[in-house]
Each structure stands twice: as structure tokens, then as C-alpha cells.
Amino acid sequence: MRNYETFSTTADSGIRFQGGDFRELYGNALRALNLLLFGRNPRRGAGGEAVTFRFRGDGPENVLVNFLAAVLELAYRDGRRVSAVDFRHAGRRRLEARLQLAPRRGSPRVEVKSVTYHNLRVSEKNGVLRAAVVLDV
Amino acid sequence: MSSAPRRFEEVAAGRWRLARGAERGMDADAEVFASPAILQAAQDDASIEQVVNVACLPGLVGSSLAMPDIHYGYGFCIGGVAAFAAAAGIVLPGGVGYDINCGVRLLASSIPAVELGPVRERIGHGILQRIPTGLTPRANYKLNKKEFQRVLANGAREIVRNFAGEAGDLEFIEADGCLPFDQPGVIGPKACERGSSQLGTLGSGNHFIELQEVVEIYDPAAARLFGLETGRIAVMIHTGSRGFGHQVASDYIETFRKRNLARLKLRDPQLVHAAIHSAEGRNYLQALNAASNFAWANRQLLQEDVLAILEEALGAGRDKLGLRLVYDQAHNIAKFESHEVGGRPTDLLVHRKGATRALPPGHADIPAKYRAAGQPVLIPGSMGSSSYVLRGTASAASAGTFFTSAHGAGRRLSRHQAVKLAAQTDVRERMEKRGVLVCSLSSQGLKEEIPEAYKDIDDVVRVTVASGISEKVARLRPLLVVKG
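So the sequences go chain by chain: A and B.
Going by the working numbering, the first residue of the first sequence is number 1101, and it counts up by one from there.
Going by the working numbering, the first residue of the second sequence is number 14, and it counts up by one from there.
This is the structure we're talking about:
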């Protein structure tokens, strides 16, 4: 498996990702979502603006869903792509990060309406954390 | 995606059962209404696994059911039905889906299909110009806080009262287009923000507005009651509660997780639930009603926009064009209903996710005009295939479906597979050759929705009829398709 990729179910889409620790796992989750929303080569440009994301939940699945939902909100409500992320804290139950925003340039190519918990479980094997998130499109 | 195939037994024509206890935790039967081919496809895409997961939920009344358009969803399969006792059962957002009260509205007319030809393109472009579709942030109706709350409380009634439309329409909407909602505090700010700018928008994906021609009548008496006549134009609208419903669902899944997840043994975390009478259960049901009302208001507004375009293009008013609402029904919803269980009327909370209520003739909840025929059941096909109007039957009582039917063709291919298949295709040109004008702002979206992406609607309807859960009334073919 690649560090992050997209996949399809019959009615919806999903993202699959892995990482050596939670920082990598959440970072690759963002990269996978960006791949789905904006494709392989999104328009680049110096941004400057950034927002802080803070969440404390009941586990990594809860953190992932809320993190990805926040990225979607920025994409659809504000037309912003999160181009980079600076993790202040990335753990099982807590995530605090500074999300760097790319300038407004076009909207996502697909409409992802919600992040689901369908069969979502962060697993660990040989020191690698893995997860797959199904998205409602 | 696949799981080990289960051995279902055909207990009646088109009705397949996996008996309770077949797997650990299965306290109820799992039943699928399907042809052998549909059942095999459901085994292959793992939607059967989802039917089994629901059969493991506590307090399920009757069976975990799947309709003939079954396909893989999240939590529940699409086409899934589950009922729980209103007095002591559970409610689960995963049994409704995110697009709360996604549904279909059908209008009949006396416009001869041949008259559409010269103005078809104008109407298509008119719809695209007037009605926000796809990812566009444009909104025609920007509501202030008070107006928005009134829409949540009154649903389609609010539109008829303060925007446009006729009060006579309300009778022909499931639940008269309004479910009880009087607690604004149960709706989160994000949901209000997403919803207040999306009223009167179509959305993307499989949502559409179609002009269709009635091409075949199977049940002349019912068709007459529904106002459907061969060779005449009909209008079909498919959309739901937009971002508002999605946010309500997301918010309550989070709430249910916080309160209940740790003590639940779930096969899939998307099936997180709460007792109907718990605080979070009651709040979710209120919010669900608000989102349902939003969706009915949305379809009412879209209807009025489409009618205005038709009136302008055809140079006549709606009365002269014979335009009238046949029916509007939800296919993602949970509602309190009374059904006979073990020979006794029982109050249930029936969850339908990608499934349609199909009440039998004589039922008090059907418009008086249709009572002799049964409830209209609207089953849209793909942009290149027929749609059907069916009606509810009395014989469905013995099928234990809580009077439920299919809701569409059901997807067969993923969006990715569909796009790949259509890579070298000009979808608009291909549809034009079939006599269908397709209008959309999204070429990618059209490729995702090619006819091959869906099951054979004729097969779905055949099984639906053969299993006795609905009867055919009319077949319609698309002439103009506007996709989000």
C-alpha cells in the first residue's frame, strides 16, 4: 500500500492511508483527502493564512473524522485548500495543528458531503498505523 | 470488496432469507427481495454483510430488510429497512443516511410530448441558469434566521404560504410535507449555516430534474387517479436536505458516539444508536424532522422554479398545461408508523435508507384521491433508462416489509469505474442519440452517472412486482435530464 490513496465503493468514495505514528497518519489522511478533492497537481501558490484546529476525542477514529470534516468545511464553505499542516500535538485522542491555507483558486472537483465512521478502525501492524475512511459523496 | 457468500433460502418468489442465528449475534432474520442476479451482486459488493449487521441490532422488530435496489452503503446498505418498537426501541442515524429525506417528486401534465421538441433545449438551459446545481455556492433564496426556522418548522407549508405554490399540493406530499418540529435548540450552528444558503438548490451526484414522457400504462385505473396519460410530459425531481441534513446527521452521530459508543457492541461504528426515549434520541428525532421539512421545502421550491420555466417556454399557465403534483416521497427517513405485528397494531419507528414507503389501498395516510389505488411509489431509473410509477399493495402485508418498496435502480458500478468506462465517451452526444437531452455543468458528474453505472431498472421493478410489494402503474422515459 502507498502511504495514501483513494478508493471507491459502489455508491461512495474513500481514502486509505498509513503512518509510522499519529503525526504521519493524520498528515497522510490530509494528503489523501486533498488528492480526492483537488487531484494530483493542485494549483500551488504562497498562501500566508492559517487556521488552528484543536480536537479532543474518544480515540483516533474520532479525531480523524473530525479533522477531515474540518478540512472539508474549509474547502466547501471557504473555498480553501489546506496545503500544509504543522502538528503541535498528534496523539490517539488529541490533535492540535496549524493548517496552512492555499490561496482561493477554484473549487474541489468532487462534492464530499460527509465523513463517515463506516468500518473505521485505526489498526497497528509492525509499527505502522493504518486506516480507511469512507466519504459520502 | 466482498465477504464470504451467505446461504440465503428463497422463502417466496423473489424473497430470500438468512435465518436468525445463522451468525453469532443475529437476533433477527435477514431478508432480501431480489432476483438471483441481484442477490449475487449484493453478496459480491458486501451489502449483504450490512443487512446481517442490522439483523444484530437490539430490539429489531421483524427482519432486517433489503429492497431489490440493494447496494453497498455505510452502516446500512442502501435499500435497507429496519423497524424498532416506538415504546422501547432504538434510533440510529446510520439507518437514515446523511441526506435526510432525500426523495422524489413527480408532476403530471397534459402537455403532449411532441410539443416539447422545439423548446426542450431552452427549458434545459433555463433550469441550469435558474436553479443552482452542483458545487456552486450560488443561492436563490437567502433566508434570515427567522425565515429559516419557519422552514424547519413548517416544511413545504412554509413555501406554499410565503414563497410560491398552491396549498392543494400539500395533500400529495408524504406526511403533508411537514413533520413535527418545535425545538430549534436541537440544531447546531453549523447545520443552520450550511442550510440557510442551500434552499432551492439541486446539489450534485445522482440528483436530477427530468422531463419525461409517459410511455406505457399498466394499470389504467390507478394511472387515471394519478393523472398519468400516455404521450404526456411528466416532471421528476430528485434531491434532499442538502448540506443541512448532512450536518444534522454528522452532529448526531458524534453525540451518539460520545454518549453510547463505549457500551455498545457494534459490527460497524456507523451503526451507533440511542434509545428513542433518551434525551439524545429525542433530540435527533426532532432534528431529523427539521431536516425532513427542509427537504420537502426544497423540492417544493424547485417545483415552482421548474414550473415557472415551463410556463414561460410553453406560453401558458400551469392550469392550462395541466401541471399538478402526483406525489412527493422520502426515501431516506425514519418515521413513527403503526403496523400489524403478530396480529396486533404496533407503533414502530421505521428506518428507510434508500427505500420507499408503499402504503396499500385504503390506508388513511394516502391522499383521499388515491385511496382506491394505493400510494404512488416513484422509482427513478438512470438518465438513459425508464423510470416507473408503482403503487402500494395489500399483499405486501404478508411480506413483512412495513409497506416498503424499492427507491431506484441502485448503483452497480462505483463512480470511479463509471468514469473509467466512459473515459472516451461524450455522454451528452450518446444520450442525444437515444433521444435524451442532457444538461449539466459537470462533465465528470455525467460520466459518474452513465446508465451502465446502474442496475437494470426493469429487473429491479420485475422483482419488486413479483414479490408482491408493489404493482406497476406506468413507465416513463427521459426526454430532458438536468444533472447537478
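Each residue gets a CB set at the ideal place from its N, CA and C atoms; glycine is no exception.
Segment limits, beta strand (DSSP E) that includes N345/B = For the purposes of this step, residue 345/B is taken as the residue at position 332 of the second sequence. Run containing N345/B: 345-354, per the beta strand (DSSP E) assignment.
Look up H251/B in the DSSP assignment and say whether it is helix, strand or coil.
-> For the purposes of this step, residue 251/B is taken as the residue at position 238 of the second sequence. Looking at H251/B - three-state DSSP - the assignment turns out to be strand.
Check the DSSP bridge columns for P299/B and list the partner residues they point to.
-> Stepping through the second sequence from its first residue, residue 299/B is reached at position 286. Strictly speaking, residue 299/B in this sequence is Gln, with Pro absent from that position. In DSSP, Q299/B forms no bridge with anything.
Mind checking who D1236/A pairs with in its DSSP beta bridge?
-> Sequence index remark: in the first sequence, residue 1236/A carries index 136 (1-based). Bridge partners of D1236/A: S1214/A.
Proximal chain B residues relative to T1110/A, where beta-carbon distance stays under 7 Å | Numbered from its first residue, the first sequence carries residue 1110/A at position 10. The answer, in chain order, is D58, H84, Y85, R424, S427.
With distances taken between CB atoms, is the gap from V1188/A to A1175/A smaller than 8 Å?
-> The residue you call residue 1188/A lines up with position 88 of the first sequence. The residue you call residue 1175/A lines up with position 75 of the first sequence. The question names Val, but residue 1188/A is Arg in the sequence shown. Between R1188/A and A1175/A, the C-beta gap is not smaller than 8 Å, which leaves the two residues out of contact.
Using the beta-carbon count (16 or more within 10 Å), is T1152/A buried or exposed?
-> Residue numbering aside, residue 1152/A sits at position 52 when the first sequence is read from its first letter. With fewer than 16 other Cβ atoms within 10 Å, it is exposed.
Could you check where the beta strand (DSSP E) with E7/B kicks off and where it finishes?
-> Outside the shown range of chain B, which is 14 to 497, sits residue 7/B, and nothing can be said about it.
So, using beta-carbon positions, are F257/B and G208/B closer together than 8 Å?
-> Taking the second sequence and counting its residues from 1, the one referred to as residue 257/B is at position 244. Taking the second sequence and counting its residues from 1, the one referred to as residue 208/B is at position 195. In contact: F257/B and G208/B (Cβ atoms closer than 8 Å).
Does any C-beta atom of chain B lie closer than 8 Å to the C-beta of K1213/A?
-> Stepping through the first sequence from its first residue, residue 1213/A is reached at position 113. Output row for K1213/A: interface = yes.
Identity of the residues DSSP links to F1153/A by a beta bridge | What you label residue 1153/A is simply residue 53 of the first sequence in a count that begins at 1. F1153/A has A1197/A as its beta-bridge partners, per DSSP.
Beta carbon of Y401/B, beta carbon of I392/B: below 8 Å?
-> The residue labelled residue 401/B in the question sits at position 388 within the second sequence. The residue labelled residue 392/B in the question sits at position 379 within the second sequence. In this structure, I392/B lies closer than 8 Å to Y401/B by Cβ.
Just the C-alpha distance for A466/B and G218/B, rounded to the nearest angstrom, thanks.
-> Within the second sequence, numbered from 1, the residue matching residue 466/B stands at position 453. Within the second sequence, numbered from 1, the residue matching residue 218/B stands at position 205. Per the coordinates, the alpha-carbon of A466/B lies some 12 Å from the alpha-carbon of G218/B.
Measure from the alpha carbon of G34/B to the alpha carbon of each residue in C69/B, L320/B, A99/B, T243/B, then state which is nearest.
-> Counted from its first residue, the second sequence places residue 34/B at position 21. If you compare the alpha carbons of C69/B, L320/B, A99/B, T243/B with that of G34/B, the shortest gap goes to C69/B.
Closest by CA to G213/B, which one among D318/B, V440/B, M39/B?
-> What you label residue 213/B is simply residue 200 of the second sequence in a count that begins at 1. If we check each option's Cα against that of G213/B, D318/B comes out closest.
Per DSSP, what kind of secondary structure is H84/B in: helix, strand or coil?
-> Along the second sequence, read from residue 1 onward, the residue named residue 84/B stands at position 71. Three-state DSSP puts H84/B in a strand.
State the beta-bridge partners of R276/B as determined by DSSP.
-> For the purposes of this step, residue 276/B is identified with residue 263 of the second sequence, where counting begins at 1. Paired residues: none, contrary to the question.
Note down, in chain order, every chain B residue with its Cβ under 8 Å from the Cβ of R1209/A.
-> Along the first sequence, one-based indexing puts residue 1209/A at 109. Those within 8 Å of R1209/A in chain B are Q457.
Between L1195/A, S1214/A, L1220/A, L1172/A, which lies nearest to F1138/A when the distance is taken from Cα to Cα?
-> The count along the first sequence starts at 1 and reaches residue 1138/A at position 38. Ranking L1195/A, S1214/A, L1220/A, L1172/A by Cα distance to F1138/A puts L1172/A first.
Assuming L489/B contacts V127/B (C-beta within less than 8 Å), just tell me the rounded distance between them.
-> Here the question's residue 489/B lines up with position 476 in the second sequence. Here the question's residue 127/B lines up with position 114 in the second sequence. 16 Å between Cβ atoms; not a contact.
Can you check the region 61-117 of chain B for any beta strand (DSSP E) of at least 3 residues that lies completely inside it and give the ranges in chain order?
-> For the region 61-117 of chain B, whole beta strand (DSSP E) runs of length 3 or above, ordered along the chain, are 73-84, 91-98.
For F415/B, name the three-state secondary structure that DSSP assigns.
-> Translated into positions along the second sequence, residue 415/B becomes position 402. In the structure shown, the three-state DSSP call for F415/B is coil.
Considering Y1104/A, what are the terminal residues of the beta strand (DSSP E) in which it resides?
-> Your numbering for residue 1104/A matches position 4 in the first sequence. Element bounds for Y1104/A: 1104-1108.
Would you say L493/B faces chain A, with C-beta separation under 8 Å as the test?
-> Locating residue 493/B in the second sequence gives position 480, counting from the first residue. No, no contact with chain A.
What are the complete alpha helix (DSSP H) segments, minimum 4 residues, inside the region 147-203 of chain B?
-> With a minimum length of 4 residues, the continuous alpha helix (DSSP H) runs that stay inside the region 147-203 of chain B are 158-167, 169-175.
Whole-angstrom C-beta distance between A55/B and V45/B, which should lie under 8 Å | Start at 1 with the first residue of the second sequence, and residue 45/B comes out as number 32. Start at 1 with the first residue of the second sequence, and residue 55/B comes out as number 42. Right, the Cβ-Cβ distance comes to about 6 Å (below 8 Å), so this counts as a contact.
Measure from the C-beta of Q283/B to each C-beta in chain A and report whether the shortest distance is under 8 Å.
-> Against the second sequence, residue 283/B aligns to sequence position 270. True, the Cβ-Cβ gap to chain A drops below 8 Å.
Excluding the 5 residues preceding and the 5 following S15/B in the sequence, name in chain order all residues of the same chain whose CB lies nearer than 8 Å to its CB.
-> Position 2 of the second sequence, counted from the start, is the residue given in the question as residue 15/B. Any reading at S15/B must be qualified, since the residue scores a pLDDT of 48, below 50, and its modelled position is unreliable; the value itself is stated next. So the list reads Q56, D57, D58, A59, once near-sequence residues are dropped.
Do you know offhand how far R424/B's Cα is from A1111/A's?
-> Position 411 of the second sequence, counted from the start, is the residue given in the question as residue 424/B. Position 11 of the first sequence, counted from the start, is the residue given in the question as residue 1111/A. Here the alpha carbon of R424/B sits roughly 6 Å from the alpha carbon of A1111/A.
What residues from chain A crowd round R270/B, counting only those whose CB sits closer than 7 Å?
-> Position 257 of the second sequence, counting from 1, holds the residue named residue 270/B. In chain order: D1158, N1162.
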